[in-house]
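Chains as they are written, first to last, in the numbering used here: chain L, 4 to 117; chain G, 7 to 121.
In this text, a Cβ means the ideal position worked out from N, Cα and C, and glycines have one as well.
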């Protein structure tokens with residue numbers, strides 16, 4: 004158990020509304036990540052953070068923004084949700100202080116955009 | 007660019023059969039890391055193993071074993087004497103040394119073990 008929680012766990016929203024997903028960790032990990040999982044694509048990296056206020060884009064970052072104002076929380080925001088953003092979102096942390104270490108995942112958030 | 011291919015989309019076996027899940031990767035780095043994760047029907051992602059590119063020893067953990075072959079860029083996963091509880095989606099993933107934190111996942115293999 005890597006001490007990762009995600010909220011909400013399920014959300015249904017309408018196209019055009021803003022949505023924020025929260026990832027919370029209790030073990031002071033430096034690296035945090037947001038992925039989305041879609042059938043036929045596995046998991047794809049959206050954004051990641053390597054410290055407070057330090058973030059970078061992943062391979063599918065368009066339409067998403069992130070913020071990390073404190074070590075334990077990493078927020079993913081969809082400024083104006085679209086149906087193509089219907090997905091399962093996973094947060095992950097790195098087990099050590101290096102980017103080489105193993106990533107462990109939170110329980111996931113299922114988002115449906117109508 | 008890094009890439010992971012899991013050519014088997016779905017595999018169905020009968021309990022107690024052995025099953026091998028294939029993973030082929032592409033990378034230009036000499037240092038990289040390979041992973042396997044399990045996603046049971048409940049949806050969480052469970053870490054199974056990590057292998058460094060400079061360590062080609064195969065590994066066995068109970069009924070699970072992994073065969074890493076750099077010559078064929080493969081990192082295959084074998085479950086011996088499969089059980090119904092092994093039913094899950096299994097993902098292979100790759101991280102290159104030069105890509106920092108980025109994990110690239112394969113599309114996953116759905117394994118169904120029937121009683």
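Contact with chain L by residue i, beta-carbon distance below 8 Å
i	result
residue 60 of chain G	no
residue 107 of chain G	yes
residue 34 of chain G	no
residue 69 of chain G	no
residue 51 of chain G	yes
residue 56 of chain G	yes
Boundaries of the beta strand (DSSP E) in which residue i is found, first to last residue
i	result
residue 10 of chain L	7 to 10
residue 31 of chain G	30 to 32
residue 45 of chain L	45 to 54
residue 34 of chain L	Element bounds for residue 34 of chain L: n/a, residue is neither H nor E.
residue 10 of chain G	9 to 11
residue 74 of chain L	It is not in any beta strand (DSSP E) - residue 74 of chain L carries neither H nor E in the DSSP assignment.
residue 109 of chain G	Run containing residue 109 of chain G: none; DSSP gives neither H nor E here.
residue 80 of chain G	80 to 85
residue 22 of chain G	First-last for residue 22 of chain G: undefined, no H or E at that position.
residue 60 of chain G	Segment: none, residue 60 of chain G is in no beta strand (DSSP E) and carries neither H nor E.
residue 100 of chain G	94 to 102
residue 89 of chain G	Unbroken run through residue 89 of chain G: none, as it is neither H nor E.
residue 25 of chain L	22 to 28
Nearest candidate by alpha-carbon position, reference residue i, set the options
i	options	result
residue 108 of chain L	L:115, L:116 and L:96	L:96
residue 81 of chain G	G:22, G:59, G:37 and G:120	G:59
residue 116 of chain L	L:40, L:19, L:60 and L:24	L:19
residue 92 of chain G	G:56, G:10, G:17 and G:31	G:17
residue 64 of chain L	L:89, L:38 and L:104	L:38
residue 58 of chain L	L:106, L:35, L:12 and L:90	L:35
residue 40 of chain G	G:61, G:119 and G:120	G:61
residue 98 of chain G	L:94, L:106 and L:100	L:106
residue 83 of chain L	L:104, L:22, L:33 and L:90	L:22
residue 69 of chain L	L:50, L:98 and L:32	L:50
residue 79 of chain G	G:7, G:53 and G:33	G:33
residue 22 of chain G	G:102, G:101, G:86 and G:111	G:86
Under 7 Å from the C-beta of residue i: neighbouring residues of chain G
i	result
residue 103 of chain L	39
residue 106 of chain L	109
Buried versus exposed call for residue i [16 or more other C-beta atoms within 10 Å across all chains shown]
i	result
residue 15 of chain L	exposed
residue 104 of chain G	exposed
residue 75 of chain G	exposed
residue 30 of chain L	exposed
residue 43 of chain L	exposed
residue 107 of chain G	buried
residue 71 of chain L	buried
Contacts of residue i in chain G (Cβ-Cβ under 8 Å)
i	result
residue 44 of chain L	113
Proximal chain L residues relative to residue i, where beta-carbon distance stays under 9 Å
i	result
residue 97 of chain G	45 and 46
Cutoff 8 Å: residue i Cβ touching any chain G Cβ
i	result
residue 2 of chain L	No statement about residue 2 of chain L is possible, as the shown extent of chain L runs from 4 to 117 and does not include it.
residue 110 of chain L	yes
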